[in-house]
Amino acid sequence: MSFDFMVAAPIFGYLGDRFNRKIILSCGIFFWSAVTLLSSFITKEYYWLFVLSRGLVGIGESSYSSISPTIIGDLFTSNKRTIMLSVFYLAIPLGSGLGYILGSSAKDAAGDWHWALRVSPLLGMTAGALILLFVPEPKRGSVDQPSGRIKTRTSWFCDMRALGKNRSYMFSSLASAAVSFATGAFGIWIPQYLFRAQVVQKTAVSCTIQPCSSRDSLIFGAITCVTGLLGVVIGAATTRFCRQKTERADPLVCAVSMLGSAIFICLIFVVAKKSIIGAYVCIFIGETLLFLNWAITADILMYVVIPTRRATAVAFQGFTSHLLGDAGSPYLIGLISDALQKSYATSVLWQFLSLGYALMLCPFVIVLGGMFFLATALFFLDDRDKAEQQ
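Here it is, written out as structure tokens:
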């Protein structure tokens with residue numbers, strides 16, 4: 000899905016800056032929903048087609064993630080825009096959690112897992128229809144330029160050159176990739192790491208067939224959903240308060256939250272051997288701080304990028320986040336862990352420690368992301384003023 004997202008995102012970014020956004024958004028959601036629904040009817044003889052259809056879901060994801068923030072950015076400004084972007088990003092973990100619940104309930108009620116793929120498409124098509132019928136198509140930059148003086152569109156190459164020279168945009172995009180790197184690796188490996196910790200503590204039995212325990216995955220998934228909600232809410236509230244103290248509040252809040260998150264994520268690997276509950280507490284605090292910057296990063300982009308190239312900017316920020324982040328981090332962590340395991344005599348304890356040592360790369364990447372946000376703070380005011388003057 001990450002590959003399809005990366006391929007489709009630049010296309011939707013280009014279209015989103017030049018054509019009717021709500022039509023493009025609705026078409027992307029309809030395509031996403033239709034592919035998901037049709038995949039539920041594929042038989043096991045065509046498993047390759049099922050895998051392909053699941054990958055195509057990334058096309059729908061790229062449509063809403065590239066275009067939706069730009070519509071919100073053209074409907075609201077200042078603190079109100081921060082609140083509305085927060086509501087949008089709140090819906091991501093909330094929708095993910097509800098998707099698991101509805102899908103599981105549909106599977107249990109029908110006695111067939113295929114029905115788990117038939118509930119969400121109906122909701123998606125309903126959302127697409129509501130967007131098409133009721134969401135306004137605001138004029139690009141209308142709230143940023145009340146006088147009506149809006150910059151004319153430029154070519155795609157001109158847009159990309161301008162974004163490449165926009166230091167706040169580039170640094171915040173790299174910071175976003177650092178967040179994606181950590182979350183991608185955690186989603187795959189943290190449940191396995193915690194299970195191995197329980198094996199070391201002799202509260203669980205070792206196994207060789209993956210996945211070994213769904214309990215840790217469910218708990219970690221629930222924590223991720225809750226911390227996603229909390230992080231966005233706390234981030235929006237903190238930024239609004241800090242803006243009264245400094246105009247650089249947005250990148251500074253992101254930087255502090257990233258650096259704080261790295262501390263608690265490091266503590267996971269210190270306490271997990273002795274206390275699983277302690278590890279979950281560290282995960283909860285660390286992920287809350289990590290997710291604090293979701294909506295704020297989008298708001299930074301709205302400030303420093305002119306309205307007529309925001310969809311392209313959002314799309315390539317997403318592209319960068321996947322390319323440098325979750326597209327490769329799970330594999331890299333796995334490779335490091337395997338290499339460490341082979342360097343020493345195999346044992347239950349060494350399997351646990353080697354995975355922990357590999358995962359320790361994540362807090363270092365998060366610290367690097369915090370540094371990128373500090374760099375963003377250095378150039379934020381200049382880039383914001385340049386965007387306002389164009």
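When the letters of the sequence shown are read in order and numbered with numbering that gives the first Met the number 0, they come out as residues 0 to 389. Idealized CB from N, CA, C, for every residue including glycine. For clarity, every value in this text was computed on a predicted model and none was experimentally measured.
Reduced DSSP secondary structure (H/G/I, E/B, other) of Asn78: helix
Apply the 10 Å Cβ neighbour rule to Ser346 and answer buried if 16 or more other Cβ atoms are within range, or exposed otherwise. exposed
Have a look at Glu387, Ala357 and Lys341 and flag the residue whose alpha-carbon is nearest the alpha-carbon of Gly333. Ala357
Please identify the residue among Ile222, Thr223 and Pro250 whose C-alpha is closest to the C-alpha of Ala235. Pro250
Return helix, strand or coil for Gln435, following the three-state DSSP convention. Nothing can be reported for residue 435, as the shown portion of the chain is limited to 0 through 389.
Enclosing alpha helix (DSSP H) for Asp158 [first to last residue]: Trp155 to Lys164
Less than 8 Å between the beta carbons of Phe11 and Ala297, yes or no? no
Inspect the CB distances between the segment 125-132 and the segment 16-29 and report whether three or more fall short of 8 Å. yes
Going by C-alpha to C-alpha distance, which of Phe371, Phe290 and Ser175 sits closest to Ser85? Phe290
Using beta-carbon positions only, say whether Phe283 and Ile222 come within less than 8 Å of one another. yes
Is the segment 323-330 touching the segment 89-103 in the sense that three or more CB pairs, one from each, lie closer than 8 Å? no
I think Ile71 touches Phe49, with their Cβ atoms under 8 Å apart; what is that distance to the nearest whole Å? Contact flag wrong, Cβ pair sits at about 34 Å.
Going by the CB atoms, is the gap between Thr307 and Gly140 shorter than 8 Å? yes
Report all residues from its chain with a CB closer than 7 Å to the CB of Ala176; omit the five preceding and five following residues, and keep chain order. Thr319, Ser320, Leu323 and Gly324
Same chain, Cβ closer than 7 Å to Ile275, five either side skipped, listed in chain order: Leu193, Ala196 and Gln197
Three-state class that DSSP yields for Val134 in the structure shown: coil
By a C-beta neighbour count over all protein chains shown, 10 Å radius and 16 as the cutoff for buried, is Ala326 buried or exposed? buried
How many angstroms separate the CA atom of Thr76 from the CA atom of Tyr302? 9 Å
For Ser62, which residues of its own chain have a beta-carbon under 7 Å away from its beta-carbon, when the five flanking residues on both sides are left out? Phe11, Ile23, Leu24, Gly27 and Ile28
For Glu286, is the classification buried or exposed, using 16 other Cβ atoms within 10 angstroms of its Cβ as the cut-off for buried? buried
From Ala254 to Leu377, what does the alpha carbon distance come to, in whole angstroms? 12 Å
Can you tell me which of the three DSSP states Lys272 falls into? coil
Let me know if Val231 comes out buried or exposed under the rule of 16 or more other beta-carbons within 10 Å of its beta-carbon. buried
CB of Ser52 within 8 Å of CB of Ser38, strictly: yes
Check whether Ala278 and Val270 have beta carbons under 8 Å apart: yes
Quick one, are the C-beta atoms of Ala181 and Ile365 less than 8 Å apart? yes
Using only CA atoms, which one of Thr375, Arg242, Leu121 and Ala7 lies nearest to Val390? Absent from the model: residue 390. The displayed extent of the chain is 0 to 389, so no value can be given.
Our contact map puts Ser172 next to Gln316 with C-beta atoms below 8 Å; I'd like the distance itself, whole angstroms only. 5 Å
Determine the burial state of Arg383: buried for a count of at least 16 other Cβ atoms within 10 Å of its Cβ, exposed for fewer. buried
Could you give the distance in angstroms between the alpha-carbon of Pro120 and the alpha-carbon of Trp47? 21 Å
Once you ignore the five residues that flank Ile41 on each side, which residues in its own chain have a CB closer than 8 Å to its CB? Leu48, Phe49 and Ser52
Between Phe4 and the ligand FAD, is there a pair consisting of the residue's CB and a ligand heavy atom that are separated by less than 7 Å? Absence of the ligand FAD is noted for the structure shown, with no ligands found whatsoever.
By alpha-carbon positions, which one of Ile100, Leu354, Val225 and Ala374 ends up nearest to Val199? Leu354
How is Lys201 classed by DSSP in three states: helix, strand or coil? coil
Measure the alpha-carbon distance for Leu348 versus Ile335 and round it to whole angstroms. 16 Å
Tell me the rounded alpha-carbon separation between Gly15 and Asp73. 13 Å
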